[in-house]
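Participant: Starting off with a structure, shown below.
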Amino acid sequence: MRVKILSKYWKFMRVKDLKEVGGACGQIDHPDKKGKTLKVDDGLVDCQELEIIIHEFLHGADWSKDEEWIVETSEDLSRFLWRLGYRKCES
Numbered sequence: 023m024r025v026k027i028l029s030k031y032w033k034f035m036r037v038k039d040l041k042e043v044g045g046a047c048g049q050i051d052h053p054d055k056k057g058k059t060l061k062v063d064d065g066l067v068d069c070q071e072l073e074i075i076i077h078e079f080l081h082g083a084d085w086s087k088d089e090e091w092i093v094e095t096s097e098d099l100s101r102f103l104w105r106l107g108y109r110k111c112e113s
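If you number the sequence shown the way the working numbering does, the last residue is 113 and the count never jumps.
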């Protein structure tokens, strides 16, 4: 699946054991890289998965934001959306 962030495209991938391999639950390539990917660990569930996807998306949207801002914003937004009832639908 491709994801568009501010007119740039990343290949979205769920990766088995990403945290064990790379030490993080999510990874995103720099917006200027060719063949960009946005990866999330396929073992994430529920609100944690939502938070990590938002976290990586925010990095893609504004690479200049510091990690503290990304973490706080992704945590706040994922908790808010979860309380509103947003859930992943399996297709």
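Don't be surprised by glycine CBs; every beta carbon is placed ideally from N, CA and C.
The structure presented is a predicted model; accordingly, all values stated were derived computationally and were not measured.
Skipping 5 residues on each side, what residues in its chain have a beta carbon closer than 6 angstroms to that of Ser100?
Facilitator: Excluding positions up to five away in sequence, the list reads Cys69, Leu72, Glu73, Ile76.
Participant: Can you list, in chain order, the residues of its chain whose CB lies under 7 angstroms from that of Tyr92, leaving out five sequence neighbours each side?
Facilitator: Reading off the sequence shown, one finds Ile at residue 92, where the question assumed Tyr. Hits under 7 angstroms: His77, Leu80, His81.
Participant: Here's the rule: buried if 16 or more other CB atoms are within 10 angstroms of the residue's CB, otherwise exposed. What is Gly48?
Facilitator: Buried is the call here.
Participant: Which residue's Cα is closest to the Cα of Val62: Gly107, Met35, Tyr31?
Facilitator: Ranking Gly107, Met35, Tyr31 by Cα distance to Val62 puts Met35 first.
Participant: My output table needs one value for Arg36: the three-state DSSP class, helix, strand or coil.
Facilitator: Of the three classes helix, strand and coil, the one that applies to Arg36 here is strand, per DSSP.
Participant: By a C-beta neighbour count over all protein chains shown, 10 Å radius and 16 as the cutoff for buried, is Trp85 buried or exposed?
Facilitator: Classification for Trp85: exposed.
Participant: On the three-state DSSP scale, how would you describe Leu60?
Facilitator: Looking at Leu60 - three-state DSSP - the assignment turns out to be strand.
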